[in-house]
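Undergrad: A single structure is presented below for examination.
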Amino acid sequence: MTKPNREEQLKAFGRLLDIMDVLREKCPWDKKQTNESLRANTIEETYELCEAITNGNDTDIKKELGDLLLHIVFYAKIGSEKEVFDIADVCNSICEKLIYRHPHVFGTAQADSPSSVEKSWEELKLKERGGNKTVLAGVPKALPALVKAYRIQDKARNVGFDWDKRTDVWNKVHEELSEFEAEVENGDRERMEGEFGDLIFSLINAGRLYKINPENALERTNQKFIRRFNYIEEVLNSQQKSFRESSLDEMDSLWNEAKEKGL
């Protein structure tokens, strides 16, 4: 594709705004939508974008970005109808935030590494008017637990609360594993769950320290399991056998076959 110039980009965005105006006026479905009715669809569109990114499919990424952009424009349209904000307010708000939080670009501050930028970002968030009152206040409560744990740890790191040496985290992992195993022996379900959570939290911490995103790592494992399990199912189907008619040894053998095939 040819690289679009800024005029073409603004024209395309204006076209989307015009289409949104028409839909809101003339489409029965679009007319009845509210922030609350759109919320679930927005979450779904976000996950679809995440899936496209995970798959590395640029065509799907473009498509899903369009779907998500439509939702942003839709919320802004509703805001303008309520006379509380419009798309210009949305754009200006994020522009002002970006300029304020990048004093090393738009001001005289110095930042020579990504980590120093992140540290400055968190400090500025605590200072800005209407911003977060505490370090962890910016972590959305509705985040999935795995992502939330990573963001909590990352924000704590930005203010200096972290391991001196990343190898020290393994002592914590082993400690949490031992505590979980002890509660398994005791048979206390509630304490088992608590210790299991501590173990997962420590493993997420280890991933962060070794520059591994736990969400991405777990999704890769999910996809690997799906491929290998599907292989087992396909072979069993070709043999006209069900899972219940197959022994665990047979299924383990097929799993290893799938592994050898690079699935």
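Under UniProt numbering, the residue at position 227 of the sequence shown is numbered 227, and the numbers go up by one with no gaps. Just so you know, even glycine gets a beta-carbon here, dropped at the ideal spot from N, CA and C.
1) Report the three-state DSSP secondary structure of D30 (helix, strand or coil).
2) So, for V235: in the same chain, excluding its five sequence neighbours on each side, which residues have a beta-carbon less than 7 angstroms away from its beta-carbon?
3) May I have the straight-line CA-CA distance separating A145 from N216, to the nearest angstrom?
4) State yes or no: is the C-beta of E195 within less than 8 angstroms of the C-beta of E179?
5) Among V117, H174, R220 and S238, which one has its Cα closest to the Cα of C50?
6) Buried or exposed for Q239, please, with buried defined as at least 16 other CB atoms from any protein chain shown within 10 angstroms of its CB.
7) Considering only their Cβ atoms, is the gap separating L209 from R166 smaller than 8 angstroms?
8) Between which two residues does the alpha helix (DSSP H) holding H104 run?
9) Please give the ranges of any alpha helix (DSSP H) in the region 114-138, keeping only runs that are unbroken, at least 4 residues long and fully inside the region.
10) Just to confirm, is the Cβ distance from Q33 to F74 under 8 angstroms?
11) Under three-state DSSP, which class holds Q110?
12) When the Cα of E44 is compared with those of K26, D30 and L65, which residue comes out closest?
13) What three-state label does DSSP hand D58 in the structure shown?
14) Please state the DSSP three-state secondary structure of D252.
TA: Inspection of the coordinates gives the following:
1) Translated into the one-based positions of the sequence shown, residue 30 becomes position 30. Of the three classes helix, strand and coil, the one that applies to D30 here is helix, per DSSP.
2) As a first step, residue 235 is located in the sequence shown; it is residue number 235 there, counting from the start. L254.
3) Mapped onto the sequence shown, residue 145 falls at position 145. Mapped onto the sequence shown, residue 216 falls at position 216. Looking at the two C-alpha atoms, the distance is approximately 14 angstroms.
4) Reading the sequence shown from its first residue, position 195 is the one you call residue 195. Reading the sequence shown from its first residue, position 179 is the one you call residue 179. Pairing E195 with E179 gives a Cβ-Cβ distance under 8 angstroms.
5) Indexing the sequence shown from 1 puts residue 50 at position 50. The candidate whose alpha carbon is nearest that of C50 is R220.
6) Your numbering for residue 239 matches position 239 in the sequence shown. So Q239 ends up on the exposed side.
7) Start at 1 with the first residue of the sequence shown, and residue 166 comes out as number 166. Start at 1 with the first residue of the sequence shown, and residue 209 comes out as number 209. Taking 8 angstroms as the Cβ cut-off, R166 and L209 qualify as a contacting pair.
8) Sequence index remark: in the sequence shown, residue 104 carries index 104 (1-based). From DSSP, the alpha helix (DSSP H) with H104 extends over P103 to F106.
9) For the region 114-138, whole alpha helix (DSSP H) runs of length 4 or above, ordered along the chain, are 114-127.
10) Indexing the sequence shown from 1 puts residue 33 at position 33. Indexing the sequence shown from 1 puts residue 74 at position 74. The answer is yes: Cβ separation under 8 angstroms.
11) On the sequence shown, position 110 is the one that residue 110 refers to. It is coil, neither helix nor strand.
12) The residue labelled residue 44 in the question sits at position 44 within the sequence shown. Measuring from the Cα of E44, the nearest candidate turns out to be L65.
13) Locating residue 58 in the sequence shown gives position 58, where the first residue counts as 1. The three-state secondary structure of D58, taken from DSSP, is helix.
14) Within the sequence shown, the letter at position 252 stands for residue 252. In the three-state scheme derived from DSSP, where H, G and I count as helix and E and B as strand, D252 is classed as helix.
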